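Structure first, commentary second.
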Amino acid sequence: MRKTALLIAAAALLGSVSAQAAEQAIHIDRQPWSFAGPFGTYDRAQLQRGYRVYKEVCSTCHSMKLVAFRNLAQPGGPGFTEAQAKTVAAEYKINDGPNDKGEMFERAGRVTDYFPSPDPNEQAARARFNGSLPPDLSVIAKARGVESGVLRGILNMFTQYQEGGPDYIYAYLTGYGKPPAGEELTPTQHWNSVFPGHKTQMPPPLTDGQVEYTDGTPATVSQYARDVSAFLMWAAEPHLEARKRIGFQVMIFLIVLAGLAYYTKKKVWADLH
Amino acid sequence: MSHSNYQPKNSVLAWIERRLPIFGFMHGSFVAYPVPRNLNYWWTFGGILSFMLGVQIITGVVLVMHYTPTSLEAFNSVEKIMRDVNYGWLLRYIHANGASMFFLAVYIHIFRGLYYGSYKEPREVLWILGVIIFILMMATAFMGYVLPWGQMSFWAATVITNLFSAIPVFGKSITQFLWGGYSVDEPTLQRFFALHYLLPFMIAGVVVLHIWALHHVGQGNPAGIDVKSDRDTVPFTPYATVKDNFALICFMILFAWFVFYIPNYLGHPDNYIPANPLQTPPHIVPEWYFLPFYAILRAIPNKLLGVVALFSSIIVLAFLPWLDTSKVRSARFRPLYKQFFWVLVVTCVGLGYLGSQPAEGIYVIVARILTAYYFLHFLVILPVLGYFETPKPLPKSISEPVLGKSGVAVGIGARAPRKN
Amino acid sequence: MSKTVTTEPTRRDFLYIATASVGAVGAAAVAWPIISSMNPDASVLAMSSTEVDLTPIAEGQIITVKWQGKPVFISHRTKKEIQEAENVKLSELPDPQPDSARVKKGKEEWLVVIGICTHLGCVPLGHEGEYGGWFCPCHGSVYDTSGRIRKGPAPLNLALPPYEFTSDKAIKIG
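Here the protein sequences line up with chains A, B and C, keeping their order. Basically our numbering = 1-based index in the first sequence + 9. Basically our numbering = 1-based index in the second sequence + 17. Basically our numbering = 1-based index in the third sequence + 16.
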């Protein structure tokens, strides 16, 4: 009894302290993602649209060094065919070499190549962007997250909430606006409601109608942001579908095994008395 | 010591047995070995921990085959494991979450020892070996966390190695020695890699001693009284084996939940950002299993004393057999100690929470109170309690309360061997 | 030990066997990812072709290119070398194979072989040995101008990689 009372008191204390902490945190809405939950899978069409947004918008400034063209055609991904992945690769010019004469040369991309970076090196990128570096997007969806208080955090363990990255990216891409009165921005800063400190160096990247969608999906900033967030989640976690599929099989197996082990245990101990 | 006169019937095994009595040894240790019949499920974590050590070593060896310990390639090679290596994502997630599961199990194991007085005579050496294993585990986990060479890896390495800079006079030379340079860099990564591979095998060695000591003095039990006759025990196989087995499978379900569904839940997003020696993340936190110790470190405003408090909070466990002056082992028969035990549990959880919060305002004050209480528990309450506390009457033997008036003398957790 | 006589041995035995066999299936399933992880990974499997421009290779010259981490010899054979290769009686060969089966039709001057001795994996030296082809310094295997084994411990001819002419003067291996 006393134990329970003690635990409740402790939980209440932690709860109130954490509530105080959560108040300071920026609120980020959760989005309905097709890849959430134990049976989640990527929406192929959404990943393909997200890829378009990435290619036409993000990739002009951001690199994505860890993703190869061949990944576009691998199972559990955007569902490009091998031929489509080849075509995508061939649209890129890749620096290769040195050749037999010791010179670097350009050639058309192959599926084994990785997405080329928009700048040759970090210094070049910083020179282009007033000293700040656009981060690589390969694992960005896992390198960002949403802060939650202790109780919410514990709940997340049971609800399998793992979509903090895409939620943040979506909120960031749609979070641009005018600074509140009294906030001064330098010419290279932009006001963003979810960015830590609110002053980001990235100009609002998306505008309505900027990227052409051929499947009838509305060409809006919100839709672009949603699609590219999903695409970046796939880029960061390309084996998510296999993981969840195998996970379900493992769970079923372990539960059956646990049942058998329980009855074995019961049977063995039953004859002790 | 042998618990059986086992002789293999197969002539080949018998031939070997005459030259190396390994089958008799195994039989004596894992089949005939007598365990108290009243062990509850809190006693299954030793087996679970052995399993976790095996999992970490096996997955670790395979991961090493694909990992490159250089500052330029470490991050990318881990990502290559996640993306290109067949089932690499699975092996890495098992290894990363396995560390957390290992610590979860070891904390349960330690608190079980605290509750049931497992450190008391004649199990002092057994307990101290356990403390050594715990320290080795912390070193191994810390160095392993550095290997992916993300932002958290890098800054964890920087902060923790800087603890040694608090040592008067020699601090600076010791940290430079640890780094192999003027800051955490490639030499640091490579030596951490070498040691991360070495230490688990040292842990395995100490585990052998731990089990040896255990089998020599025999297992404690929830009643905390000595085994008096054969009626008090059951053979390890099948009784303990099937029970350990069931507990292990339940533990694996929890493990699988993390690996397959929330593999990054216990990690920090910043560790998916490659290490950058020029920029510290705004809010660095260690892995959850270090948080209570981190809170103790930050609670003390003086650098040297903070480090001393951190190390003392672990070392104090080794002196526990002599700090606790009560002759009664199990908290079941120590009404006051039982309450203080739960206060300690809450203190440790509270410190863990505070370790994850920024070191400012109310957090620091609460952390100081809890840190003070942590040491108070071990250094004052336990020694004094032995003199003032009136323990409840102890049962005559292990088999009596179980077989006799069932349910009366049997407390929480001792449900296992009840007739069904 | 206080073990008493069991009353239902069959049911307990059944549970033992069932649990143990399901557990064994699980252990086997767990072993697979560990073993599989040592197979070539996705990036290695994808890197399967090499393109070579043949223009700079002079007649009588042998160059070595790397394909899947292995040496591939590309020999621009002279008229004499081609003739020597074509005139050998198949019965004289330890691993009988006509020269025509080892080159592309109409491209007889180009011999493309994997440069690994079929004995124990050394790399043979070009334009060496009594048949003017290759000579392996490790254990003395001798190959002719078609890369066929003629003498020594190697059992087979130098292997042919899959390749095709992408133009008159360029090939793609793999």
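Beta carbons: idealized from backbone N, C-alpha and C, even for Gly. Since we're looking at a predicted model, the values are computed, not measured.
Could you name the residues of chain A that residue i contacts, counting a contact when the two beta carbons are closer than 7 Å?
i, result
"B/ALA273", "GLY256, VAL259, MET260, LEU263"
"B/PHE47", "Ordered by position in chain A, no residue passes the 7 Å Cβ test against B/PHE47, which lies about 16 Å from the chain."
"B/LYS260", "LYS274"
"C/TYR32", "THR273"
"B/VAL251", "LEU281"
Residues in the same chain with beta-carbon distance under 8 Å from residue i, minus the five sequence neighbours each way, listed in chain order, please.
i, result
"B/PHE171", "VAL163, VAL201, ALA292, ASN293, PRO294"
"A/GLN93", "LEU81, ALA82"
"A/GLU32", "Confidence at A/GLU32 is low in this model, with a pLDDT of 47, below 50, so its placement is unreliable and the value that follows should be read with caution. Excluding residues within five positions, none has a Cβ falling inside 8 Å."
Mind listing the chain A neighbours of residue i? Cutoff is C-beta to C-beta under 9 Å, in chain order.
i, result
"C/PRO110", "Here the premise fails: no neighbours, minimum Cβ distance about 36 Å."
"C/PRO87", "By Cβ distance, chain A contributes nothing, its closest Cβ being about 16 Å from C/PRO87, past 9 Å."
"B/PHE34", "Reading the sequence as shown, one finds Glu at residue 34 of chain B and not Phe. Near B/GLU34 there are no residues of chain A at all, since even the closest Cβ is about 28 Å away, more than 9 Å."
What residues in its chain sit with their C-beta under 6 Å from that of residue i, if we drop five residues either side in the sequence?
i, result
"B/PHE358", "TYR132, ALA348"
"C/ALA175", "ILE130"
"B/HIS83", "ILE98, VAL102"
"B/THR364", "LEU387, TYR390, TYR391"
"A/LYS208", "GLN198"
"B/THR254", "VAL48"
"A/VAL237", "GLY59, VAL62, TYR63"
Counting only Cβ pairs nearer than 7 Å, list the residues of chain C close to residue i.
i, result
"B/TYR440", "Residue coverage of chain B in this structure runs from 18 to 437, which leaves residue 440 of chain B outside it and unanswerable."
"B/VAL52", "Within chain C, no residue comes near B/VAL52; the closest Cβ sits about 11 Å away, beyond 7 Å."
"B/VAL79", "ILE50, SER53"
Residue i versus chain C: which residues are under 8 Å apart at the beta carbon?
i, result
"B/ILE75", "ILE50"
"B/MET169", "Going along chain C, no residue has its Cβ under 8 Å from B/MET169, so there is no contact; the nearest lies around 25 Å."
"B/MET154", "Ordered by position in chain C, no residue passes the 8 Å Cβ test against B/MET154, which lies about 23 Å from the chain."
"A/VAL277", "ARG28"
"A/VAL1", "The requested residue 1 of chain A is not part of the displayed model; chain A covers only 10 to 282."
Where do the ends of the alpha helix (DSSP H) carrying residue i lie?
i, result
"A/VAL237", "230 to 245"
"B/THR250", "Taken as a continuous stretch (DSSP letters only), B/THR250 belongs to no alpha helix (DSSP H), being part of the beta strand (DSSP E) at 250 to 252."
"A/ASN165", "159 to 168"
"C/GLU180", "Per DSSP, C/GLU180 belongs to no alpha helix (DSSP H); it is in the beta strand (DSSP E), 179 to 183."
"B/PHE310", "308 to 316"
"B/TYR256", "Counting along the chain, B/TYR256 falls outside any alpha helix (DSSP H), and DSSP gives it neither H nor E."
"A/ALA54", "53 to 65"
"B/ILE177", "168 to 179"
"A/GLU115", "Careful: A/GLU115 lies outside any alpha helix (DSSP H), inside the beta strand (DSSP E) at 114 to 117."
"B/TRP32", "28 to 36"
Find the residues of chain B that neighbour residue i, judging by a C-beta separation of less than 7 Å, and give them in chain order.
i, result
"A/HIS248", "TRP106"
"C/ALA58", "ASP101"
Assuming residue i contacts residue j under a Cβ cut-off of 8 Å, what Cβ separation, rounded to an integer in Å, is found between them?
i, j, result
"B/VAL148", "B/LEU334", "5 Å"
"B/ALA240", "B/LEU143", "About 18 Å separates the two Cβ atoms, so there is no contact after all."
"B/TYR311", "B/GLY367", "With 8 Å as the limit, B/TYR311 and B/GLY367 do not qualify as a contact, their Cβ atoms being about 13 Å apart."
"A/ALA239", "A/LEU75", "Contact flag wrong, Cβ pair sits at about 18 Å."
"C/GLY11", "C/ARG118", "Chain C is shown only over 17 to 190; residue 11 of chain C falls outside these bounds and no answer can be derived."
Assuming residue i is part of the beta strand (DSSP E), what are its boundary residues?
i, result
"A/ARG79", "Looking at the DSSP string, A/ARG79 is not in any beta strand (DSSP E), and its letter there is neither H nor E."
"B/ARG54", "From DSSP, B/ARG54 is part of no beta strand (DSSP E); its letter is neither H nor E."
"A/ARG252", "Taken as a continuous stretch (DSSP letters only), A/ARG252 belongs to no beta strand (DSSP E), being part of the alpha helix (DSSP H) at 249 to 279."
"B/ILE279", "Run containing B/ILE279: none; DSSP gives neither H nor E here."
"B/LYS320", "That residue, B/LYS320, is in no beta strand (DSSP E); its alpha helix (DSSP H) goes 320 to 332."
"C/VAL158", "158 to 160"
Find the residues of chain C that neighbour residue i, judging by a C-beta separation of less than 9 Å, and give them in chain order.
i, result
"B/MET82", "SER53, MET54"
"A/ASP176", "In chain order: nothing, as chain C lies at least about 29 Å away."
"A/THR293", "Lying before the first or after the last residue shown, residue 293 of chain A is absent from chain A, which here runs from 10 to 282."
Kindly list, in the order they appear in chain A, the residues whose Cβ is closer than 8 Å to that of residue i.
i, result
"B/GLU417", "None at all; the shortest Cβ gap to chain A is about 14 Å."
"B/MET269", "LEU263"
"B/ASN281", "LYS151, GLN171"
Under 8 Å between C-beta atoms, does residue i make it to chain D?
i, result
"A/ALA99", "No chain D is present in this structure, whose protein chains are A, B and C."
Please list the partners that residue i has in chain B, where partner means a Cβ-to-Cβ separation under 9 Å.
i, result
"A/PRO205", "PRO299"
Give me the chain B residues within the contact set of residue i, using Cβ-Cβ distance strictly less than 8 Å, ordered along the chain.
i, result
"A/PRO47", "TYR278"
Just to confirm my understanding: we take residue i, look at its own chain, exclude 5 residues before and 5 after, and list those with CB closer than 7 Å. What are they?
i, result
"A/ALA180", "ILE37, ASP38, VAL203"
"B/THR178", "THR192, LEU195, TRP196, VAL201"
"A/ARG53", "PRO87, GLY88"
TODO: Identify every run of the alpha helix (DSSP H) within the segment 183 to 223 of chain A, keeping only runs that are complete inside it and at least 4 residues long; order them along the chain.
DONE: You should have found no qualifying run.
TODO: With a floor of 4 residues, list each alpha helix (DSSP H) that falls wholly inside the segment 86 to 154 of chain C, ordered by position along the chain.
DONE: As for any alpha helix (DSSP H) of minimum length 4 sitting wholly inside the segment 86 to 154 of chain C, the runs are 95 to 103, ordered along the chain.
Task: Sequence ranges, alpha helix (DSSP H) only - wholly within the segment 348 to 376 of chain B, length at least 4 - done: Runs of the alpha helix (DSSP H) inside the segment 348 to 376 of chain B: 352 to 372.
Task: Completely contained alpha helix (DSSP H) runs for the segment 75 to 122 of chain B, where each covers 4 or more residues - done: Those alpha helix (DSSP H) runs which fall completely within the segment 75 to 122 of chain B and span 4+ residues are 91 to 100.
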